Amino acid sequence: MKGRLKDIGIAALTAAILFLAPAVASAQRVTVSGYMTDASSGESLISAALLEQLSGKGTVTNNYGFYTLTLNKGEVSLEYSYTGFEPFRTGFSLERDTVINIALKPAPEMLSGASVTASRSETGVRGTQMSTVEIPVRQILRVPALAGEVDVIKAIQLLPGVQSGTEGSAGLYVRGGGPDENLLLLDGVPIYNVNHMMGFFSVFNADAIKNVTLYKGSFPARFGSRLSSIVDVRMKDGNDQEFHGSASVGLLSAKFNLEGPIVKGRTTFNVSARRTYYDILAQPVFMYINRDSQDRGMGGYYFYDINAKLTHRFSNRDKLYVSYYMGDDQVYARVKMNAEREKDNMKLGWYWGNIVGSVRWNHLFGSRLFVNTTLNYTQYRHKLDADVKHYELQNDPASAFSLGYNSLINDISASSDFEFNPSPRHDVRFGATFIRHTFKPSVNTVHYEDRTGGMEMVQDTTFGDRNLYTAEGAAYVEDNWTAFEWLKINGGLRISLYSTGKSNYFSLEPRLGLRLLFSEHFSMKASYSEMSQSVHMLSNSNISMPTDLWVPSTDRIRPMRARQAAAGLFYELGPVDFSLEGYWKGMDNLLEYRDGATFLGSSSGWEDKVASGRGWAYGIEFLVQKKSGRFTGWVGYTWSRTMRLFDREGNVINFGRPFPAKYDRRHDLSIVASYEFSKKFDLSATFVYGTGLCGSLALQTISVPPGYNFDAGSFTNPYPVDYLESRNNYRLPSYQRLDIGFNFHREFRSGRHRTINLSVYNVYNRNNPFLVYRVGSSLKQLSIFPIMPSLSYTFYF
Amino acid sequence: MKKIINVLAFLIAVLIAASCEKYIEFSGEESEPRLTVSALAKAGEPFRAYVSSSLFFLDSDGIEAFVKDLDVSRGVVQVTVNGESGPVAMRCMPEKVDGALLYGCDYVPRPGDRIVLEAEFPGFDPVRAETRVPYPPRFEITSLKPGGADEDMEMTIRLSDDGSYEKYYFLAPKRVMPSPWTEEPAEVFCRFNSDDIVFRNVAMGVFEIYGFLFGDDDLVSCYFSDRLIRGQEHSMKLVFPGVRLAEGDRFSVELRTVTESLYWFDTSFAQMRSDFNIFAEGVTLYSNVTGGYGVLCASASARIDVEL
Numbered sequence: 001m002k003g004r005l006k007d008i009g010i011a012a013l014t015a016a017i018l019f020l021a022p023a024v025a026s027a028q029r030v031t032v033s034g035y036m037t038d039a040s041s042g043e044s045l046i047s048a049a050l051l052e053q054l055s056g057k058g059t060v061t062n063n064y065g066f067y068t069l070t071l072n073k074g075e076v077s078l079e080y081s082y083t084g085f086e087p088f089r090t091g092f093s094l095e096r097d098t099v100i101n102i103a104l105k106p107a108p109e110m111l112s113g114a115s116v117t118a119s120r121s122e123t124g125v126r127g128t129q130m131s132t133v134e135i136p137v138r139q140i141l142r143v144p145a146l147a148g149e150v151d152v153i154k155a156i157q158l159l160p161g162v163q164s165g166t167e168g169s170a171g172l173y174v175r176g177g178g179p180d181e182n183l184l185l186l187d188g189v190p191i192y193n194v195n196h197m198m199g200f201f202s203v204f205n206a207d208a209i210k211n212v213t214l215y216k217g218s219f220p221a222r223f224g225s226r227l228s229s230i231v232d233v234r235m236k237d238g239n240d241q242e243f244h245g246s247a248s249v250g251l252l253s254a255k256f257n258l259e260g261p262i263v264k265g266r267t268t269f270n271v272s273a274r275r276t277y278y279d280i281l282a283q284p285v286f287m288y289i290n291r292d293s294q295d296r297g298m299g300g301y302y303f304y305d306i307n308a309k310l311t312h313r314f315s316n317r318d319k320l321y322v323s324y325y326m327g328d329d330q331v332y333a334r335v336k337m338n339a340e341r342e343k344d345n346m347k348l349g350w351y352w353g354n355i356v357g358s359v360r361w362n363h364l365f366g367s368r369l370f371v372n373t374t375l376n377y378t379q380y381r382h383k384l385d386a387d388v389k390h391y392e393l394q395n396d397p398a399s400a401f402s403l404g405y406n407s408l409i410n411d412i413s414a415s416s417d418f419e420f421n422p423s424p425r426h427d428v429r430f431g432a433t434f435i436r437h438t439f440k441p442s443v444n445t446v447h448y449e450d451r452t453g454g455m456e457m458v459q460d461t462t463f464g465d466r467n468l469y470t471a472e473g474a475a476y477v478e479d480n481w482t483a484f485e486w487l488k489i490n491g492g493l494r495i496s497l498y499s500t501g502k503s504n505y506f507s508l509e510p511r512l513g514l515r516l517l518f519s520e521h522f523s524m525k526a527s528y529s530e531m532s533q534s535v536h537m538l539s540n541s542n543i544s545m546p547t548d549l550w551v552p553s554t555d556r557i558r559p560m561r562a563r564q565a566a567a568g569l570f571y572e573l574g575p576v577d578f579s580l581e582g583y584w585k586g587m588d589n590l591l592e593y594r595d596g597a598t599f600l601g602s603s604s605g606w607e608d609k610v611a612s613g614r615g616w617a618y619g620i621e622f623l624v625q626k627k628s629g630r631f632t633g634w635v636g637y638t639w640s641r642t643m644r645l646f647d648r649e650g651n652v653i654n655f656g657r658p659f660p661a662k663y664d665r666r667h668d669l670s671i672v673a674s675y676e677f678s679k680k681f682d683l684s685a686t687f688v689y690g691t692g693l694c695g696s697l698a699l700q701t702i703s704v705p706p707g708y709n710f711d712a713g714s715f716t717n718p719y720p721v722d723y724l725e726s727r728n729n730y731r732l733p734s735y736q737r738l739d740i741g742f743n744f745h746r747e748f749r750s751g752r753h754r755t756i757n758l759s760v761y762n763v764y765n766r767n768n769p770f771l772v773y774r775v776g777s778s779l780k781q782l783s784i785f786p787i788m789p790s791l792s793y794t795f796y797f
Numbered sequence: 001m002k003k004i005i006n007v008l009a010f011l012i013a014v015l016i017a018a019s020c021e022k023y024i025e026f027s028g029e030e031s032e033p034r035l036t037v038s039a040l041a042k043a044g045e046p047f048r049a050y051v052s053s054s055l056f057f058l059d060s061d062g063i064e065a066f067v068k069d070l071d072v073s074r075g076v077v078q079v080t081v082n083g084e085s086g087p088v089a090m091r092c093m094p095e096k097v098d099g100a101l102l103y104g105c106d107y108v109p110r111p112g113d114r115i116v117l118e119a120e121f122p123g124f125d126p127v128r129a130e131t132r133v134p135y136p137p138r139f140e141i142t143s144l145k146p147g148g149a150d151e152d153m154e155m156t157i158r159l160s161d162d163g164s165y166e167k168y169y170f171l172a173p174k175r176v177m178p179s180p181w182t183e184e185p186a187e188v189f190c191r192f193n194s195d196d197i198v199f200r201n202v203a204m205g206v207f208e209i210y211g212f213l214f215g216d217d218d219l220v221s222c223y224f225s226d227r228l229i230r231g232q233e234h235s236m237k238l239v240f241p242g243v244r245l246a247e248g249d250r251f252s253v254e255l256r257t258v259t260e261s262l263y264w265f266d267t268s269f270a271q272m273r274s275d276f277n278i279f280a281e282g283v284t285l286y287s288n289v290t291g292g293y294g295v296l297c298a299s300a301s302a303r304i305d306v307e308l
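So the protein sequences, as listed, match chains A and B.
Per my numbering, the first sequence starts with residue 1, numbered consecutively.
Per my numbering, the second sequence starts with residue 1, numbered consecutively.
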């Protein structure tokens, strides 16, 4: 009995130790947390690094500049760093949970290459994140731009694994994915149409942007709903100490940016706006054309966008962000025809654009649990109006005809994202999101009235596709686990449910990334991720058109799915980062147009015009990048292959044989370089080369004899037919281009300064293919952007 | 200085003006002309084949160009049936056909025959194609509602699919009417529609073309595969909008079993002919001829005539 009691006692003691050990250990751990900001502007720093030098443990700030690091009690030596900023070091005895808000000073000496602190960003050698690139905004601002208009998407197109569409297009084709497979987030809110001017410019105004991160694989579980990439664009919060701004005038557009404190150190704002003025410049041309005529005609095109953001800090634990974006493209024409006894007025308008808004609340529970709760609204609309009025003897309209076309998609969503740092080895994130989609694929309105001949007739008709309402919910959990100093694992799971019509689609998306650290500067990473996507964009061309139609998955069209595996080597040599990655991606339920199908002029019955099939892509990407110093830039090279296979019952394309995707491009090379000669002058250059895109071109003409065409076997005359052997059988000529940009800076005694930018796009006037078509027995190529010099003047105050 | 600026401005203007559109050399792998051989083997009818050459698309020059490089005296076209007793030479027929040479022989295809067609002409790669003549379908009309004042004509057909291999069918219901011009009655295609599962497989081009011609999605004839009904006895209901049969009216239903090659060739050809839009995806015409172009295909027909 005594022995038994002894056994029970030992067991109880063991159990107590097992239960209490974590608590005791937990008692030994304390957390350092806080925000890291730019001392000159108060802007939060994203992906800035904190390293505890004695233990080697570290973390990076999140999208709101917040960090949290759990450490053992005792002496610590902390180093806060961010590329381009002076590092801050501090050492002390850490005894309790501590909040340290750090404002890092910009380091001008770093720009001259004096010293560089390697970033511990999750995308670098030491992090688990691969297939991800952070582009410093100041690097984007230096990239020579088309018509002098700096563009985030154009800069992203220069990265390995990312391909552009046709000349000038802002479409992104990431690792074999289509342009609709990218989730473009502006302050966390999806934007459906990121293009202005048919895709030649994107909606992202570089003046309003703080940070850009591209994920093309190894997706963390917190991201979902697109197959191929996440482009996370963060807007500036605004300077919390003093007012600053800039105004810029270029050949194409004018823009301004204003930021500053509403309540110093607490409430800030940032507003940017831009507008093109080709339509205004064109007015004298119309006046000249109309000079000798009674008739009047005029028209134009312009786009504008407005970004605004308001940030309020209630306390060190609570922050509120309100973001807003609105942008529109408008094409218009007005014609007045005046005769002696009658006149006609015609108006045409074509409008498309986005409205995006979000309210976010950051809250810190204790020192280890950070919560971001967001309410989002995003809308993309497309509208076409035509109005014709006929007057007789200056009376009321004798007859009038108007036609309207409306297409719209809007989402309302809510999400909560948690970041929890339970121990020095675990960074846990979890959260949930809910989205309500409303699709209005196309609604047509027709109004007709006729009051001629003493009669009166009025007709109003509305017809088109019915509205579609779908819902999407997702929950995720991920843990960035430092198993050993040399082994770090990011594991996660995302569960999503998509509900449409009578169908519910459930998706389980595992994510895994791991990093093996061979030395301080050399690591290997591997990842696997699965993604699903429930919205599709239907488009017939390689350029982005406002008529591109966003449609949901339905009872017949299943959500798209993708699996991607990647592995890579990462190496740091001083300020230069090298990476070599290989990937394989399998995709399912992709949509392609059936042979002969087109959406031009009709969006109804779209489900019958597409087929659903599979695709796969694989490739190797090489990137060498230097982010700091006088000389910055990168060289990116991609070798890739992208194929499609549509061989399922009722969904056969190309007779069930594989064919290359339109944007299959074997070689893709980008070189981006920028050199700061002095504080007054810097020079940048970009060179791109890419294998030509694919297209379908009938290379032979054959004589189809009479006998067995569909009309039940009756013989007709021989029929010469252009014979297309397979879809996308022809490769357009290769694409190459050199751009250069010169920036002349001058600083005034008042502290204000100005920059004059001179850019030359396509320096050696290469005729790159935009479209290749047949004219009789010849081939013709249309190129749209020859050598294009541009000039802009920006004044900073 | 002003002169230099003017010269530079002029040069840039010339560059801009000259660089937008230009003729280009074809930069792809230039495909050589190939033999195009096409033949439809119909059970019970003499076998015929059409031979021509393809033309590089930038060299197309009139319908005669399709045969001008074919040396008939040295060309060989032959057919082998079931691998028996060697190939049978086909002869160039005297009938003039624009854009092709017509070859014929005494062979009359029978259901189950395996046909190999080969052709060889000087200056061209030899070509070869193979097909098997299908058996006629087994079907019956199980019900017929002739239609009335407020009712459309309805017909139910029961198809017995033996499931032995993947089959393709062609359906063409016709109304048989007296002809004002000949003593023989005229057969007129009859529009129909159906919600039956087999018609989900119909290639889009066929719907499109009839939709375009008749302003709706009704069919007048169509192809379908047996993938969803393989090995089953399947009944399908057809509705004939606007058709009302009266006493003495005649109606016929023709159902053919066709080869996969004919199914794909015909549907892709129909799509190609309906391709009116320059923004539409290009249409790929089916071919099963190795070394060249064209199609070798076969069909076997069964027909039921109804007289009220």
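A virtual CB, placed ideally from N, CA and C, is assigned to each residue, including glycine.
Computed from a predicted structure; not experimentally measured.
Item	Value
Interface residues of the stretch 720-738 of chain A facing chain D [CB-CB below 8 Å]	The structure shown contains no chain D; the protein chains it does contain are A and B.
Check whether A/Q533 and A/S225 have beta carbons under 8 Å apart	yes
B/G292 to B/D98 span [Cα, whole Å]	20 Å
Beta-ladder partner(s) of A/W616, from DSSP	A/G586 and A/M643
Closer than 9 Å at the beta carbon, the chain A residues around B/R132	In chain order: nothing, as chain A lies at least about 16 Å away.
Chain-ordered residues of the stretch 626-660 of chain A with a beta carbon less than 7 Å from chain B	E649, G650, N654 and F655
Alpha-carbon to alpha-carbon, A/K383 and A/F795	36 Å
Contacts around A/D279, its chain only, beta-carbon distance under 7 Å, and the 5 residues preceding and following it disregarded	G300, Y301 and Y302
Rounded straight-line distance, which links the Cα of A/P397 to that of A/N270	48 Å
Cβ pair count under 8 Å reaching 3, the stretch 166-184 of chain A against the stretch 255-268 of chain A	no
Close Cβ partners of A/D647 (< 6 Å) along its chain, the five nearest in sequence each way excluded	G656
With 16 other Cβ atoms within 10 Å as the buried cut-off, status of A/P510	exposed
Proximity winner among B/R138, B/M177, B/R110 and B/N288, relative to B/A129 (alpha-carbon distances)	B/N288
Inter-residue CB distance, A/R630 and A/Y675 (contact presumed, cutoff 8 Å)	6 Å
Cα-Cα separation between A/Y764 and A/I787, rounded to whole angstroms	7 Å
Three-state secondary structure (DSSP) of A/Q283	helix
Completely contained alpha helix (DSSP H) runs for the stretch 518-543 of chain A, where each covers 4 or more residues	none
Below-8 Å beta-carbon distance, A/Y593 vs any chain B residue	yes
First through last residue of the beta strand (DSSP E) which encompasses B/E45	Element bounds for B/E45: n/a, residue is neither H nor E.
Nearest candidate by alpha-carbon position, reference A/A339, set A/L320, A/H390 and A/T378	A/H390
Neighbour flag for B/G242 against chain A, beta carbons, 8 Å	no
Any chain B beta carbon closer than 8 Å to A/Q781	yes
Unbroken beta strand (DSSP E) run spanning A/W481, endpoints	L468 to T482
Inter-stretch contact at 8 Å, needing at least 3 Cβ pairs: the stretch 148-163 of chain B / the stretch 55-66 of chain B	no
B/R114: first and last residue of the uninterrupted alpha helix (DSSP H) it sits in	Segment R114 to E120 is the beta strand (DSSP E) holding B/R114; no alpha helix (DSSP H) there.
Extent of the continuous beta strand (DSSP E) to which B/D128 belongs	The question names Asp, but residue 128 of chain B in the sequence shown is Arg. Residues V127 to R132.
B/C222 versus B/W181: straight-line alpha-carbon distance, rounded	28 Å
Beta-carbon proximity check, B/D226 vs B/D161, cutoff 8 Å	yes
Helix, strand or coil at A/G148 [DSSP, three-state]	helix
3 or more residues per run - each beta strand (DSSP E) lying fully within the stretch 274-326 of chain A	296-313
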